[in-house]
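Engineer:
2 protein chains.
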Amino acid sequence: MAANELSAVDAARQIAEGALSSEALVTACLARIAEREPSVSAWTHVGVEAALNEARQRDTVRPLGPLHGVPVAVKDVIDVRGMPTGMGSPIYDGFQPLADASCVSLLRAAGAVIIGKTVTAEFAGITPGSTCNPHCLNRTPGGSSSGSAAAVADNMVPIAFGTQTGGSILRPASYCGVVGFKPTYNSINRAGLKFAAESFDTIGQLSRTVEDAALFWRVLVGGAEQPFDAMPRPPRVALFRTHYWHRAKVETVEAIASTVSRLEALGCSVPEITVPQGFERLSHARKTINDYERARALSWEWHAHRGRISEPLAAVISHGLAVPYDQYVGAKTEVARWRQWFSRAMADYDVILTPAADGEAPDGLESTGSSAFQETWTMLHLPSISLPLCKGPNGLPVGVQFVGKFDRDAELLSIAQWIMKSASEVSAV
Amino acid sequence: MAANELSAVDAARQIAEGALSSEALVTACLARIAEREPSVSAWTHVGVEAALNEARQRDTVRPLGPLHGVPVAVKDVIDVRGMPTGMGSPIYDGFQPLADASCVSLLRAAGAVIIGKTVTAEFAGITPGSTCNPHCLNRTPGGSSSGSAAAVADNMVPIAFGTQTGGSILRPASYCGVVGFKPTYNSINRAGLKFAAESFDTIGQLSRTVEDAALFWRVLVGGAEQPFDAMPRPPRVALFRTHYWHRAKVETVEAIASTVSRLEALGCSVPEITVPQGFERLSHARKTINDYERARALSWEWHAHRGRISEPLAAVISHGLAVPYDQYVGAKTEVARWRQWFSRAMADYDVILTPAADGEAPDGLESTGSSAFQETWTMLHLPSISLPLCKGPNGLPVGVQFVGKFDRDAELLSIAQWIMKSASEVSAV
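Spelled out as structure tokens, the structure:
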């Protein structure tokens, strides 16, 4: 296996054992980027010299932490000192933040090497950047963490930061065939993140393994020195199709069916939680909250640079400024009610099985796809993970989403690890 | 009344009517600053020429919004384009943010003139800045919104942004004898605010009237065009002394007693909500959450500039980095439980009466005082307001705090207006 194909966990282990240098690893990633970036266009900035220098420094010292020497990519709405932070908008061309974001600094302190910034949709919204799906270049990688998903899927880097306000980690993870993990809301510190809609904005990650997601998360919240392993028993799984099930394409319907079969073969029963009446109101509430908050978060950009804001985003902001405060509060109240409902509905289960996306990555680059199957879980503040378990009719990846309980991220990750291990055993049979 | 003594509402009205120019108002405020700043030390930056230019521009156009031509001060942890943002830390000496914070941009769009930046304790924490209490220069103004409270109290500016993570708006409001308003958590957009502890950080304001607090809040959240008035009936008030009542000095005990008497004279009965068993656990949870989150929010500063962080803050960060994630989650769960408890306890009341601070501003400038009587409400995410209703044994201000229901800020403000109106009628009798 080429060094750039290693997981973060394996790379860190080899570096700690002296079997691999950080410089060799970063060099291999940079070579992969040089080869593939003209096609994939995942990056807004690659800090070639800075990353190599940092890698060489790492090679001269004892491990700083569990990510020592491992390159990491950062979505371009998160501040990195010494690199431009462009927010996917011409308004921020050449902007250089003073400080690292909290999450970047914590990763560096654990030994990670920040290799560059990845393409984001405009302000982590819906207007796409330049990235193509590495599995099929005329299809979208999904968004808004487009570059992070594509770079990880294409073995340019083992792990990358993403953010999710609607479906911006899980959808590109599903479309690009990688592991996308959105932790519980507010568990990863957001200092240094450009806000989109503050009530939903969640920092997370894209990687090729669940173990990497677990390491990443534990470095950021604490406890990375403790061992991580799969749940020792089959999890109690419930299926929840959401009110958007009619939007699932055939490959998503099949992905859910085949996952249920596999779980049943492994000894899980998979009962279904019926979508409750009125659940679709959550999606109306989402638009109200999203637009109201985005309009305010981007107030300076709107008033000082309106001409450099895309039409779709301008429509969101115009709507958001017109939303009455009482309507916004009503929408927040509605969402809070469903959070409580879900907490009760999940009481007898460890995890929810639900679609990760509507299907394979759609054709074309003018849209990043629909957030229908991701946004519910962002709003409910629940940790969720997309696992690259299935393929669609064009041989392209189709993820499957698992949703954990509030603030029980470690449990969700160990369940995800159990599923990946068990799934590979089933398919090996 | 000199122009610099006008409230924001009165100043905006006179400007809209052509009875006052923004230039004259800003000039009067600048003159007051020039006269008093050598004693009070409330400002880190006064944008004399920029503010005058902006005022003159305001005078040539039709009103942009309800704060047209009114000068506003901004606590120095909130970004203002064109001014340095120092965070109360030498690490940020000379730092110039690219963009206005959301709240600053929204105020400018309503016509406000940003006159300068006010002194904050280091990163909105506990290590004081240079500001003195304008009522008694060898006493603290309170913190961390020290400069904002002192500047408003001293008639340098009618209204100023503050932020509250523990007690950073209400305490200086009480100590300086002004109105301090901390809205419901997350109601004022935090884009462009330097985070301290994200689960508690709340943007609010200091002013000399409740009407100004109401106008400020409605400009930021929407609905400023609607009329604002006092509640048309006596509010249903309950007294809640908190688990810190033993820390109340005699003047605070008397302030609560005299407020109860006044309310009773106005026809309110004021029953007491008993402090429930275990309520003091909230304060332990606060330290856990505060330190855990501050340590992460300041990760870059900690790793790149440890020598420029004060000893008290370094102790907070060291502790925060050592807090296990499970303990942090446990603390958040504890706080969430009390939020629900309080929501039930308040069901039959409109508002809670509680101390704003332990007493008059303490002697000396080496501490900004105790957050005991403010922090509960920040943690519970409830809107709260300090009203300058009383005096202590040294003739210094003692505020009284009123706490409203979650997301019912407009109601709290109209109750506060009823109290101020009624209190002045009672004292006039």
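Protein sequences appear in the order of chains G and L. Everything in the first sequence is counted per our numbering, starting at 122 for the first residue and increasing by one. Everything in the second sequence is counted per our numbering, starting at 122 for the first residue and increasing by one. Note that CB positions come from ideal geometry on N, CA and C, so glycine has one too.
Judging by CA-CA distance, which residue of G:543, G:455, G:431, G:401 is the nearest neighbour of residue 242 (chain G)?
Structural biologist: Counting from one through the first sequence, the residue named residue 242 (chain G) turns up at place 121. The candidate whose alpha carbon is nearest that of residue 242 (chain G) is G:431.
Engineer: Hey, residue 256 (chain G) and residue 298 (chain G) are a contact pair by Cβ (cut 8 Å); roughly how many whole angstroms apart?
Structural biologist: As a first step, residue 256 (chain G) must be located in the first sequence, where it is residue number 135. As a first step, residue 298 (chain G) must be located in the first sequence, where it is residue number 177. Indeed, because the Cβ distance is near 7 Å, the residues count as touching under 8 Å.
Engineer: Is it right to say residue 354 (chain G) is buried, meaning 16 or more other beta carbons lie within 10 angstroms of its own, or is it exposed?
Structural biologist: As a first step, residue 354 (chain G) must be located in the first sequence, where it is residue number 233. So residue 354 (chain G) counts as exposed.
Engineer: Pick from G:284, G:141, G:232: whose alpha carbon is nearest that of residue 200 (chain G)?
Structural biologist: Stepping through the first sequence from its first residue, residue 200 (chain G) is reached at position 79. Cα-wise, what sits closest to residue 200 (chain G) is G:284.
Engineer: Could you tell me how far apart the beta carbons of residue 240 (chain L) and residue 165 (chain L) are, in whole angstroms, since I believe they sit closer than 8 Å?
Structural biologist: Within the second sequence, numbered from 1, the residue matching residue 240 (chain L) stands at position 119. Within the second sequence, numbered from 1, the residue matching residue 165 (chain L) stands at position 44. Going by Cβ atoms, the distance from residue 240 (chain L) to residue 165 (chain L) rounds to 6 Å, so yes, they are a contact pair.
Engineer: Is there a Cβ of chain L sitting closer than 8 Å to that of residue 254 (chain G), yes or no?
Structural biologist: Along the first sequence, read from residue 1 onward, the residue named residue 254 (chain G) stands at position 133. Output row for residue 254 (chain G): interface = no.
Engineer: Rounded to the nearest angstrom, what separates residue 291 (chain G) and residue 495 (chain G) at their Cα positions?
Structural biologist: Your numbering for residue 291 (chain G) matches position 170 in the first sequence. Your numbering for residue 495 (chain G) matches position 374 in the first sequence. Going by the C-alpha atoms only, they are around 6 Å apart.
Engineer: Using 8 Å as the limit for Cβ to Cβ distance, is residue 550 (chain G) near chain L?
Structural biologist: Residue numbering aside, residue 550 (chain G) sits at position 429 when the first sequence is read from its first letter. Any reading at residue 550 (chain G) is ruled out, since the residue's pLDDT is 42, under 50, leaving its predicted position unreliable.
Engineer: Can you check whether the CB of residue 208 (chain G) is closer than 8 Å to the CB of residue 315 (chain G)?
Structural biologist: One-based indexing of the first sequence puts residue 315 (chain G) at position 194. One-based indexing of the first sequence puts residue 208 (chain G) at position 87. Going by C-beta atoms, residue 315 (chain G) is nearer than 8 Å to residue 208 (chain G).
Engineer: Would you check if the stretch 473–490 of chain L and the stretch 505–525 of chain L touch, i.e. whether three or more CB-CB distances between them fall below 8 Å?
Structural biologist: The answer is yes - the stretch 473–490 of chain L touches the stretch 505–525 of chain L, with three or more Cβ pairs under 8 Å.
Engineer: In whole angstroms, what is the alpha-carbon distance linking residue 525 (chain G) and residue 361 (chain G)?
Structural biologist: Locating residue 525 (chain G) in the first sequence gives position 404, where the first residue counts as 1. Locating residue 361 (chain G) in the first sequence gives position 240, where the first residue counts as 1. Whole-angstrom Cα-Cα distance: 12 Å.
Engineer: Identify the contact partners of residue 311 (chain G) in chain L, using a Cβ-Cβ distance below 8 Å as the criterion.
Structural biologist: Here residue 311 (chain G) refers to the residue found at position 190 of the first sequence. Per Cβ cutoff of 8 Å: 316, 319.
Engineer: What are the complete alpha helix (DSSP H) segments, minimum 4 residues, inside the stretch 147–196 of chain G?
Structural biologist: Listed in chain order, they are 169–181.
Engineer: Which residues of the stretch 430–452 of chain L have a Cβ closer than 7 Å to any Cβ of chain G? Give them in chain order.
Structural biologist: Cβ contacts with chain G: 445, 446, 450.
Engineer: For a test of the three-state rule: what should DSSP assign to residue 275 (chain G), helix, strand or coil?
Structural biologist: Start at 1 with the first residue of the first sequence, and residue 275 (chain G) comes out as number 154. Of the three classes helix, strand and coil, the one that applies to residue 275 (chain G) here is coil, per DSSP.
Engineer: Please state the DSSP three-state secondary structure of residue 520 (chain L).
Structural biologist: In the second sequence, the residue the question calls residue 520 (chain L) occupies position 399. In this structure, residue 520 (chain L) counts as strand in the three-state DSSP scheme.
Engineer: What residues in its chain sit with their C-beta under 6 Å from that of residue 247 (chain G), if we drop five residues either side in the sequence?
Structural biologist: As a position in the first sequence, residue 247 (chain G) is number 126, starting the count at 1. Correct list, in chain order: 433.
Engineer: Tell whether a beta-carbon distance below 8 Å holds between residue 428 (chain L) and residue 261 (chain L).
Structural biologist: Taking the second sequence and counting its residues from 1, the one referred to as residue 428 (chain L) is at position 307. Taking the second sequence and counting its residues from 1, the one referred to as residue 261 (chain L) is at position 140. No; because the gap between Cβ atoms is not below 8 Å, this pair is not in contact.
Engineer: Residues of chain G with a CB under 8 Å from the CB of residue 528 (chain L): which are they?
Structural biologist: Within the second sequence, residue 528 (chain L) is the residue found at index 407, counting from 1. Neighbours of residue 528 (chain L) on chain G, chain order: 450, 453, 454.
Engineer: Provide the residue span of the beta strand (DSSP E) that contains residue 334 (chain G), from first to last.
Structural biologist: Walking along the first sequence from the start, residue 334 (chain G) turns up at place 213. Where residue 334 (chain G) is concerned, there is no enclosing beta strand (DSSP E), although the alpha helix (DSSP H) it sits in stretches over 331–342.
Engineer: Among L:504, L:448, L:420, L:229, which one has its Cα closest to the Cα of residue 105 (chain L)?
Structural biologist: Only positions 122 to 550 of chain L appear in the structure, and residue 105 (chain L) is not among them; the question remains open.
Engineer: Just checking: is the beta-carbon of residue 216 (chain L) within a distance shorter than 8 Å of some beta-carbon in chain G?
Structural biologist: Stepping through the second sequence from its first residue, residue 216 (chain L) is reached at position 95. With 8 Å as the cut-off, residue 216 (chain L) counts as an interface residue toward chain G.
Engineer: Helix, strand or coil: how does DSSP classify residue 301 (chain L) here?
Structural biologist: Indexing the second sequence from 1 puts residue 301 (chain L) at position 180. Here residue 301 (chain L) sits in strand by DSSP.
Engineer: Could you tell me whether the Cβ atoms of residue 190 (chain L) and residue 176 (chain L) are closer together than 8 Å?
Structural biologist: For the purposes of this step, residue 190 (chain L) is taken as residue 69 along the second sequence, with counting starting at 1. For the purposes of this step, residue 176 (chain L) is taken as residue 55 along the second sequence, with counting starting at 1. For residue 190 (chain L) and residue 176 (chain L), yes; Cβs fall inside 8 Å.
Engineer: Between L:226, L:410, L:347, which has its C-alpha nearest residue 426 (chain G)'s C-alpha?
Structural biologist: Your numbering for residue 426 (chain G) matches position 305 in the first sequence. Closest by alpha carbon: L:226.
Engineer: With C-beta atoms as the reference, is residue 530 (chain G) less than 8 Å away from residue 357 (chain G)?
Structural biologist: Taking the first sequence and counting its residues from 1, one reaches residue 530 (chain G) at position 409. Taking the first sequence and counting its residues from 1, one reaches residue 357 (chain G) at position 236. No, the Cβ-Cβ distance between residue 530 (chain G) and residue 357 (chain G) is not below 8 Å.
Engineer: For residue 461 (chain G), write down the residues that DSSP places opposite it in a beta bridge.
Structural biologist: Here residue 461 (chain G) refers to the residue found at position 340 of the first sequence. Paired residue(s): none; residue 461 (chain G) is not in a bridge.
Engineer: Here's the rule: buried if 16 or more other CB atoms are within 10 angstroms of the residue's CB, otherwise exposed. What is residue 485 (chain G)?
Structural biologist: Stepping through the first sequence from its first residue, residue 485 (chain G) is reached at position 364. Exposed is the call here.
Engineer: Run the CB neighbour count on residue 352 (chain G), radius 10 Å, all protein chains shown included, and call it buried at 16 or more, exposed below.
Structural biologist: Start at 1 with the first residue of the first sequence, and residue 352 (chain G) comes out as number 231. With 16 or more Cβ atoms within 10 Å of its Cβ, residue 352 (chain G) is classed as buried.
Engineer: Give the straight-line distance between the Cα atoms of residue 122 (chain G) and residue 276 (chain G), rounded to the nearest whole angstrom.
Structural biologist: By 1-based counting over the first sequence, the position of residue 122 (chain G) is 1. By 1-based counting over the first sequence, the position of residue 276 (chain G) is 155. Residue 122 (chain G) and residue 276 (chain G): Cα-Cα distance of roughly 11 Å.
Engineer: My output table needs one value for residue 357 (chain G): the three-state DSSP class, helix, strand or coil.
Structural biologist: The residue given as residue 357 (chain G) occupies position 236 in the first sequence. Residue 357 (chain G): coil per DSSP, three-state reduction.
Engineer: Is residue 435 (chain G) near the ligand MG, going by C-beta to nearest heavy atom under 7 Å?
Structural biologist: The ligand MG is not among the ligands present in this structure, which contains no ligands whatsoever.
Engineer: Could you confirm whether any beta carbon from chain G is found closer than 8 Å to the beta carbon of residue 468 (chain L)?
Structural biologist: Here residue 468 (chain L) corresponds to residue number 347 of the second sequence, with the count starting at 1. Cβ-Cβ to chain G under 8 Å: no for residue 468 (chain L).
Engineer: In terms of residue numbering, what span does the beta strand (DSSP E) encompassing residue 508 (chain L) cover?
Structural biologist: Sequence index remark: in the second sequence, residue 508 (chain L) carries index 387 (1-based). Start and end: 505–512.
Engineer: From residue 536 (chain G) to residue 338 (chain G), what distance separates their C-alpha atoms?
Structural biologist: Here residue 536 (chain G) is taken as the residue at index 415 of the first sequence, counted from 1. Here residue 338 (chain G) is taken as the residue at index 217 of the first sequence, counted from 1. Approximately 15 Å, taken between the alpha carbons.
Engineer: Within 10 angstroms of the Cβ of residue 390 (chain G), are there 16 or more other Cβ atoms? Answer buried if so, exposed if not.
Structural biologist: Here residue 390 (chain G) refers to the residue found at position 269 of the first sequence. Exposed is the call here.
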